[in-house]
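Worksheet for the structure shown next.
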Amino acid sequence: MNTTTILPPERRRQSDQPVITVRGGFLRSFEHNVALIRGLGFQMQIKIFQPLASHGRFSLTLLVENIRGDDIVIKHQGGEVRHVIRAKTSVMCEVTGSGFQTISLVSPASQTDEFDFIFCGDIHGRFQNLQQILTSAAALNPLFVLVNGDLTHSGRLAEYHILADILNKSHVPLFTSMGNHDKRARGGRATYRRMLAPFYYSFGVRDCRFIVLDSSRKRGLQRFQYKWLERELHLARHQRQRIFVVLHRPPVCPKYNYLSFSATSNIRRFLRLMEAFQVEMVFGSHIHVLTEFRARNVPYVVTGGGGGALWQPSNVHHYLHVFVRKRGVELQVIPLPTPEAKVSQRLKDAIKLNLEHHLATNRRLKHAATLGTTSLAHRTPAERKRPLWKRNH
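In the UniProt record's numbering, the protein residues as written are 1 to 393.
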């Protein structure tokens with residue numbers, strides 16, 4: 001369970017500003033008495049405290065995004081909730097009162113524990129693919145969409161702004177995990193946290209618990225994240241929930257282990273936990289293939305075909321439609337438009353994608369590009385010894 005407590009900036013200057021605490025989501029911003037909250041699941045609790053209640057009733061506007069706005073049930077204790085406006089993935093309302101207030105947004109009880117969702121990974125800034133996935137989601141109406149890291153290629157703010165515009169048009173809630181490319185640029189990690197989600201969190205769906213982790217670093221999970229993960233696993237087992245674990249970089253992957261966790265001790269610890277708590281399935285990405293395997297009797301699915309350069313001629317860009325049944329999980333692969341399936345072309349795509357990133361962020365490479373690739377490639381041995389750039393003193 002995730003809890004975010006934020007004191008609005010104005011609170012430093014005015015002691016009568018409300019204190020807002022969110023569970024099952026996080027407060028993105030608070031300006032001009034409007035609180036923008038992003039949902040991270042299907043149950044949310046918002047607590048509002050007005051420090052100087054003696055001054056009378058206060059009023060603020062709540063805008064909650066990334067929830068199933070048409071279905072959600074709103075409950076409150078203390079004060080009053082009025083002027084409720086609903087959309088497919090958001091709810092806006094006015095909250096009035098004084099002192100303490102608790103507002104709960106809960107998905108209605110379902111007659112079945114079965115549900116479906118869409119899963120993809122490694123969009124790598126090819127946002128036309130993400131748009132197509134969300135268009136399909138509008139027609140298929142899954143319970144949610146989960147994008148497993150590397151939504152951006154560079155982690156630059158400009159990419160995040162484009163991404164935000166696309167996500168705002170989604171007809172279903174969309175959850176994300178952190179990928180290594182999402183933090184590639186300076187400030188990328190903070191931008192991800194501010195706009196999309198905490199680095200790791202969990203949410204409940206029917207009789208299931210989804211645990212989303214941050215495996216964006218090469219070694220794997222940090223010690224403090226393992227402690228949090230163990231608490232979540234114990235809680236899920238205590239509540240007799242089926243457990244699904246989501247992380248961008250998989251701990252292992254046959255034929256591609258050099259792209260999984262680099263620390264052997266980290267791999268052993270992760271696999272041991274998944275086995276001990278009988279995790280139903282682990283979803284990974286990062287590797288631009290589609291493969292399924294079992295490790296210590298736990299099923300793993302690695303899918304990284306959302307838009308990044310593909311490495312095998314047989315691979316295609318794709319996403320998964322996942323059906324959670326009473327007796328297991330079914331996966332349906334849905335293809336996306338894919339470049340020419342030649343190894344040479346795939347290599348060119350990979351080189352081009354990375355070159356575009358470096359040209360956009362590296363001053364020296366920008367200068368090299370202006371010189372022309374032929375002048376660099378055909379330099380004589382003597383010329384190669386001379387530096388291309390001189391340091392200005």
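A virtual CB, placed ideally from N, CA and C, is assigned to each residue, including glycine.
* **Backbone CA spacing between Gly39 and Val19 [nearest angstrom]** => Pairing Gly39 with Val19, the inter-Cα distance amounts to about 18 Å.
* Asked: How many whole angstroms separate the CB atoms of Val316 and Gly305, which I take to be in contact at a CB cut-off of 8 Å?
  -> In this structure, Val316 and Gly305 form a Cβ contact; the two beta carbons are roughly 7 Å apart against a cut-off of 8 Å.
* Delimiting residues of the beta strand (DSSP E) encompassing His321 -> Taken as a continuous stretch (DSSP letters only), the beta strand (DSSP E) holding His321 covers His318 to Arg325.
* Which residues does DSSP pair with Lys47 in a beta bridge? -> Lys47 pairs with Thr21 and Thr102.
* Within its chain, find whatever has a CB closer than 7 Å to the CB of Phe115; leave out the 5 residues flanking it on each side and keep chain order. => So the qualifying residues of the chain are Leu143, Val205, Arg206 and Val324.
* Asked: Taking the C-alpha atoms as reference points, what is the distance between Phe119 and Leu146?
  -> Roughly 5 Å separates the two Cα atoms.
* Just the Cα atoms here: how many angstroms apart are Ser253 and Val302? -> Correcting the residue identity first, residue 253 is Cys in this sequence and not Ser. Computed Cα separation, rounded: 8 Å.
* Asked: Taking just the CA atoms, how far does Leu140 sit from Ile85?
  -> Between Ile85 and Leu140, the C-alpha separation is close to 25 Å.
* Asked: Cα-Cα, which of Leu60, Val333, Arg23 and Leu221 is closest to Phe270?
  -> Selected option, being the one with the closest Cα: Leu221.
* Extent of the continuous beta strand (DSSP E) run through Ser177 -> It spans Leu174 to Ser177 - the beta strand (DSSP E) in which Ser177 sits, taken as one unbroken run.
* Looking at the structure shown, is Leu181 part of a helix, part of a strand, or coil, going by DSSP? -> Before going further, note that residue 181 is His rather than Leu in the sequence given. The DSSP-derived three-state label of His181 is helix.
* Asked: Distance, Cα to Cα, Met44 vs Arg23?
  -> CA-CA distance, Met44 to Arg23, rounds to 6 Å.
* From the DSSP output, in three-state form, read off Glu280 for me. => Secondary structure of Glu280 (DSSP, three-state): coil.
* Asked: Which one of Tyr300, Leu163, Ser262 and Gln241 has the shortest CA to CA distance from Gly284?
  -> For the residues Tyr300, Leu163, Ser262 and Gln241, the minimum Cα distance to Gly284 belongs to Tyr300.
* Which runs of the alpha helix (DSSP H), 4 residues or longer, sit entirely within the region 216-290? -> The region 216-290 contains these whole alpha helix (DSSP H) runs: 223-238 and 264-276.
* Asked: Using 8 Å as the threshold, is the region 239-246 in touch with the region 59-78, meaning 3 or more CB pairs across them?
  -> As far as the Cβ criterion goes, the region 239-246 does not touch the region 59-78, which means the pair count is below three.
* Asked: The alpha helix (DSSP H) with Asp159 in it runs from where to where?
  -> Note on identity: in this sequence residue 159 is Glu, with Asp being the wrong assignment. Its alpha helix (DSSP H) spans residues Leu157 to Leu167.
* Bridge-paired residues (DSSP) for Lys88 -> Answer by DSSP bridge pairing: none, since Lys88 is not bridged.
* Asked: Given that a residue counts as buried once 16 or more other Cβ atoms are within 10 Å of its Cβ, and exposed if not, what is Thr152?
  -> Counting C-beta atoms within 10 angstroms of its own C-beta, Thr152 has 16 or more neighbours from the protein chains shown and is therefore classed as buried.
* Asked: Quick one: what does DSSP say Thr61 is sitting in, helix, strand or coil?
  -> In this structure, Thr61 counts as strand in the three-state DSSP scheme.
* Asked: In chain order, what residues of the same chain have a beta carbon less than 6 Å from the beta carbon of Arg28, not counting five sequence neighbours either side?
  -> Excluding residues within five positions, the ones whose Cβ falls inside 6 Å are Leu36 and Arg38.
* Asked: Exposed or buried, Gly187, counting other C-beta atoms within 10 Å across all chains shown (16 or more means buried)?
  -> It counts as exposed.
* Residue from Leu157, Leu174 and Phe127 with nearest C-alpha to Ala137 -> The residue from Leu157, Leu174 and Phe127 with its alpha-carbon nearest to that of Ala137 is Leu174.
* Asked: Considering only residues of the same chain and omitting the five flanking positions on each side of Thr102, which have a CB-CB separation below 7 Å?
  -> Excluding sequence neighbours, Thr102 sits near Gln45, Lys47, His76, Gln77 and Gly78.
* Stretch-stretch touch, CB-based, cutoff 8 Å, three pairs: the region 89-105 with the region 260-278 -> No: fewer than three Cβ pairs fall under 8 Å.
* What separation, rounded to the nearest whole angstrom, lies between the Cα atoms of Tyr226 and Pro335? -> Taking C-alpha positions only, Tyr226 is separated from Pro335 by approximately 35 Å.
* My understanding is that His124 touches His161, with C-beta atoms under 8 Å, so please give their C-beta distance in whole angstroms. => Between His161 and His124 the Cβ distance is about 17 Å, and since that is not below 8 Å, they are no contact.
* Asked: So, is Val34 buried or exposed, given that buried needs 16 or more other C-beta atoms within 10 angstroms?
  -> That one is exposed.
* **Gln77 in three-state terms, based on DSSP** => Strand at Gln77.
* In whole angstroms, what is the alpha-carbon distance linking Thr89 and Ser170? -> Those two C-alpha atoms are separated by around 7 Å.
* To do: Measure from the alpha carbon of Asn129 to the alpha carbon of each residue in Phe42, Phe244 and Gly308, then state which is nearest.
  => Answer by Cα proximity: Gly308.
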